[in-house]
Amino acid sequence: MKVTIEELESYLFERYGDKVDEQSLFMKLVEEIGEVAEILNKRSGRKKADSEDLEIQLGKELADVIHYVVAIAAVNNMDLNDIILSKDKKASLKYNYDINLKQYISSKRSI
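Residue numbers (this note's numbering): 352 to 462.
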């Protein structure tokens with residue numbers, strides 16, 4: 352099953368809505384980013400790793416980061432899909448990319 356940004360935003364808005372403040376969500380986001388950093392340090396050898404599967408752990412922690420980023424957007428009634436496309440288009444122009452995200456998606460969907 353695939354999930355869209357809109358579906359995740361809607362789900363997280365219903366889950367958190369006005370029940371949790373953005374400050375709490377942000378603190379959870381920072382915590383999860385710290386956990387990603389710890390795993391990356393283990394993968395690079397800068398920190399001792401146990402017998403854990405670091406690739407699986409990294410995936411789980413990145414999912415947590417996405418969860419809290421989208422939750423913060425959802426409780427603030429932001430449309431991340433539009434924001435991502437707009438920001439990417441501006442970056443594509445600024446850095447002279449051959450293609451922007453919207454064009455990329457359109458070309459892949461027309462195949």
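We put the beta carbon where it would ideally sit given N, CA and C, even for glycine. Note that the structure is predicted; figures quoted are calculated from it, not measured.
Cut-off 7 Å between Cβ atoms - residues of its own chain near residue i, not counting five sequence neighbours on either side
| i | result |
| --- | --- |
| Leu405 | Ile390, Lys393 and Arg394 |
| Glu412 | Glu383, Glu386, Val387 and Ile390 |
| Asn427 | Glu373 |
Counted within 10 angstroms of its Cβ, other Cβ atoms place residue i as buried (16 or more) or exposed
| i | result |
| --- | --- |
| Glu382 | exposed |
| Val354 | exposed |
| Leu444 | exposed |
| Tyr419 | buried |
| Ala422 | buried |
Residue i: first and last residue of the uninterrupted alpha helix (DSSP H) it sits in
| i | result |
| --- | --- |
| Arg397 | Here Arg397 belongs to no alpha helix (DSSP H), and DSSP marks it neither H nor E. |
| Glu403 | Glu403 -> no alpha helix (DSSP H), and no H or E assigned at all. |
| Ile450 | Counting along the chain, Ile450 falls outside any alpha helix (DSSP H), and DSSP gives it neither H nor E. |
| Lys441 | Leu431 to Lys445 |
| Ser361 | Ile356 to Tyr367 |
For residue j and residue i, the rounded distance between their alpha carbons
| i | j | result |
| --- | --- | --- |
| Glu403 | Leu431 | 33 Å |
| Arg366 | Tyr448 | 38 Å |
| Ala425 | Asp439 | 20 Å |
Whether residue i touches residue j by CB criterion (7 Å)
| i | j | result |
| --- | --- | --- |
| Leu436 | Lys453 | yes |
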